[in-house]
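Numbering-wise (my numbering), the sequence shown opens with residue 1 and increments by one. We put the beta carbon where it would ideally sit given N, CA and C, even for glycine. I have placed the structure first, in the form of structure tokens, so that the comments after it can refer back to it.
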Amino acid sequence: MTPCIQLLKKTKTVYKLHQYEHDASCNSYGEEAAQKLGVVQDRVFKTLVVVSDKNEFIVGIVAVSSKLNMKSMAKAVGAKKAAMADTHDVEKITGYILGGVSPLGQKKRLKTIIDESAKEFETIFVSAGKRGLDVELSAKDLQELLQAKFENIATQD
Numbered sequence: 001m002t003p004c005i006q007l008l009k010k011t012k013t014v015y016k017l018h019q020y021e022h023d024a025s026c027n028s029y030g031e032e033a034a035q036k037l038g039v040v041q042d043r044v045f046k047t048l049v050v051v052s053d054k055n056e057f058i059v060g061i062v063a064v065s066s067k068l069n070m071k072s073m074a075k076a077v078g079a080k081k082a083a084m085a086d087t088h089d090v091e092k093i094t095g096y097i098l099g100g101v102s103p104l105g106q107k108k109r110l111k112t113i114i115d116e117s118a119k120e121f122e123t124i125f126v127s128a129g130k131r132g133l134d135v136e137l138s139a140k141d142l143q144e145l146l147q148a149k150f151e152n153i154a155t156q157d
């Protein structure tokens with residue numbers, strides 16, 4: 001059981017777990033999840049860790065169908081610049097491996113911004129803490145669990 005699932009159970013959050021066979025040759029994890037779960041990419045959200053010019057690590061949660069806008073992300077947290085965090089740092093800070101980084105149950109709770117588009121759906125999908133495992137829950141529950149803010153931080157591909 002991943003730290004994500006432990007947190008959901010402990011907080012009695014309503015969720016559904018979805019498992020699929022991860023293809024080791026695939027490195028577009030979010031797209032793979034959407035395809036294998038039969039869900040539109042707009043409803044499957046990826047967890048991205050960035051580092052600001054203030055050397056602060058921040059989580060951005062955006063739909064698989066879009067890209068994280070670094071300027072919008074920096075602005076959302078009061079920074080001038082933001083850049084993708086190094087893979088090693090992401091795994092060390094979150095306790096999860098790339099492709100399985102859940103926004104929930106990370107080693108240290110980071111400031112989190114969820115793209116506004118998440119509010120368009122009754123439920124969304126995020127990683128449950130390992131490749132091939134996603135959790136479906138309401139964006140509002142995710143926002144409350146993470147004490148996150150909703151902001152427009154994505155640009156369409």
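Beta-carbon spacing of residue i, residue j below 8 Å
i      : j      : result
Phe158 : Phe45  : Beyond the ends of the chain as shown, which are 1 and 157, falls residue 158; an answer cannot be given.
Leu7   : Leu104 : yes
Val50  : Met84  : yes
Gly99  : Tyr29  : yes
Ser72  : Ser102 : no
Thr94  : Lys107 : yes
Thr112 : Ile61  : yes
Where residue i falls, given that 16 or more other Cβ within 10 Å makes a residue buried
i      : result
Val14  : exposed
Thr11  : exposed
Glu122 : exposed
Gly78  : exposed
Ser25  : exposed
Asp115 : buried
The beta strand (DSSP E) enclosing residue i, as first and last residue numbers
i      : result
Lys149 : 149 to 151
Glu136 : 133 to 137
Lys111 : 111 to 115
Phe125 : 124 to 130
Ala154 : 154 to 156
Near the ligand ZN: residue i beta-carbon under 7 Å from a heavy atom
i      : result
Arg131 : Here there are no bound small molecules, and the ligand ZN is not part of this structure.
With contact counted as at least three CB pairs below 8 Å, one residue from each stretch, are the stretch 5 to 25 and the stretch 118 to 136 in contact?
-> The stretch 5 to 25, when compared against the stretch 118 to 136, does touch it at the 8 Å Cβ threshold.
Could you tell me which uninterrupted beta strand (DSSP E) segments, each at least 3 residues in length, are contained entirely in the stretch 76 to 109, listed from first to last along the chain?
-> 82 to 84
Would you call the stretch 58 to 67 and the stretch 32 to 43 in contact, with 3 or more CB pairs under 8 Å?
-> yes
Kindly confirm or deny that the stretch 32 to 39 and the stretch 138 to 147 touch, where touching means at least three C-beta pairs closer than 8 Å.
-> Between the stretch 32 to 39 and the stretch 138 to 147 there are fewer than three C-beta pairs closer than 8 Å, too few to call the two in contact.
Curious, which full-length alpha helix (DSSP H) runs of at least 4 residues does the stretch 6 to 60 contain?
-> As far as the stretch 6 to 60 is concerned, its whole alpha helix (DSSP H) runs of at least 4 residues are 29 to 37.
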